[in-house]
Amino acid sequence: MVISMRRISRLMAEMNLICKQSRLRYWTTTARKYKYYRNRLQQEFKQPAPNLVWVSDITYVRVKNTFHYICIVIDLFSRRVLAHTISERIDTELVQTTFNSAFERRHRPTGLTFHSVQGLQYTDFHFRKHLRTLKVTQSFSNPGTPLDNAVAESFFACMKREELSHNLYETRKQLETDVAEYVAYYNLRRVHQKLDQQTPVEVETDFAATSQMNFCLNPEE
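Under my numbering, the first residue of the sequence shown carries the number 32, and numbering increases by one thereafter.
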């Protein structure tokens with residue numbers, strides 16, 4: 032069913048509803064000297080099948096007097112969040128734990144490209160060696176170009192706007208519960224304009240039903 036923006040505005044006004052507003056974001060670059068790492072994705076966010084390109088990024092949330100860091104891995108085909116990890120440390124272990132969780136849940140796919148920003152956690156020698164051992168091709172955003180990793184950035188923006196920014200967290204457990212619940216909502220219930228108003232799980236279910244590729248659909252955990 033197609034509904035006009037005017038009708039939506041009228042119904043929202045009648046129900047005294049307002050949109051959650053996103054806060055202004057400012058992009059800056061640092062004086063850090065970046066090495067050249069190849070951008071294999073080149074903003075090709077639309078992929079024809081699962082497990083071809085995954086993207087990843089890290090954000091932070093305040094918990095009482097400290098910061099906690101959230102790392103996510105998303106499949107570009109369905110925009111599904113495959114794994115997330117929360118840690119008090121922003122290090123390579125955080126990234127590798129999240130990647131390994133997604134890799135095992137997807138039954139160790141072949142022909143995979145893993146795209147991220149050029150953060151120290153992703154360019155770490157041991158992590159890059161780990162991916163090479165698994166025959167995973169690594170791709171990196173160009174420095175100072177946030178659009179190269181727009182899908183991961185978009186997920187974090189949605190989660191903060193729709194959930195995290197409306198809460199004050201006293202414990203890590205509270206944050207873990209909210210993030211897990213939001214990821215489940217995002218995958219199972221939140222429709223996406225880029226997915227023709229389907230959810231990520233619906234896109235993967237349709238693919239599994241019609242494709243001759245050997246693709247195992249994991250239930251949402």
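Just so you know, even glycine gets a beta-carbon here, dropped at the ideal spot from N, CA and C.
Of the listed residues the options, nearest to residue i (C-alpha basis)
{"i": "serine 109", "options": "Tyr100, Thr128, Val86 and Lys95", "result": "Val86"}
{"i": "glutamate 184", "options": "Ile103, Phe158 and Thr128", "result": "Ile103"}
{"i": "tyrosine 217", "options": "Arg37, Arg111 and Met36", "result": "Arg111"}
{"i": "phenylalanine 158", "options": "Gln127, Pro174 and Gln149", "result": "Gln127"}
{"i": "threonine 97", "options": "Lys77, Arg120 and Asn180", "result": "Arg120"}
Anticipated Cβ contact below 8 Å, residue i with residue j, distance rounded
{"i": "leucine 143", "j": "glutamine 74", "result": "About 18 Å separates the two Cβ atoms, so there is no contact after all."}
{"i": "arginine 137", "j": "leucine 107", "result": "Actually they are not in contact, since the Cβ atoms of arginine 137 and leucine 107 sit about 13 Å apart, beyond 8 Å."}
{"i": "valine 92", "j": "leucine 195", "result": "6 Å"}
{"i": "serine 118", "j": "histidine 146", "result": "Their Cβ separation, rounded to whole angstroms, is 21 Å, which puts serine 118 and histidine 146 out of contact at 8 Å."}
{"i": "arginine 238", "j": "proline 81", "result": "The sequence as given places phenylalanine at residue 238; arginine does not occur at that position. Indeed they touch by this definition, with Cβ atoms about 7 Å apart."}
{"i": "valine 232", "j": "histidine 115", "result": "With 8 Å as the limit, valine 232 and histidine 115 do not qualify as a contact, their Cβ atoms being about 16 Å apart."}
Per-residue DSSP class, three states only, for residue i
{"i": "glutamine 74", "result": "coil"}
{"i": "valine 112", "result": "strand"}
{"i": "threonine 202", "result": "coil"}
{"i": "glutamine 228", "result": "coil"}
{"i": "aspartate 122", "result": "coil"}
Neighbourhood of residue i by C-beta, 8 Å cutoff - its chain only, sequence neighbours within 5 removed
{"i": "lysine 95", "result": "Tyr200, Glu201 and Thr202"}
{"i": "isoleucine 105", "result": "Trp85, Val86, Ser87, Arg111, Val112, Leu113, Val182, Ala183 and Phe186"}
Sequence-distant residues of its chain with Cβ nearer than 7 Å to residue i (five each side left out)
{"i": "valine 214", "result": "Val112 and His115"}
{"i": "glutamate 235", "result": "Pro81, Ser109, Arg111 and Leu248"}
| said: Extract the residue ranges of the beta strand (DSSP E) inside the segment 143-224, only unbroken runs of 3 or more that lie entirely within it. | reply: 144-147 and 168-171
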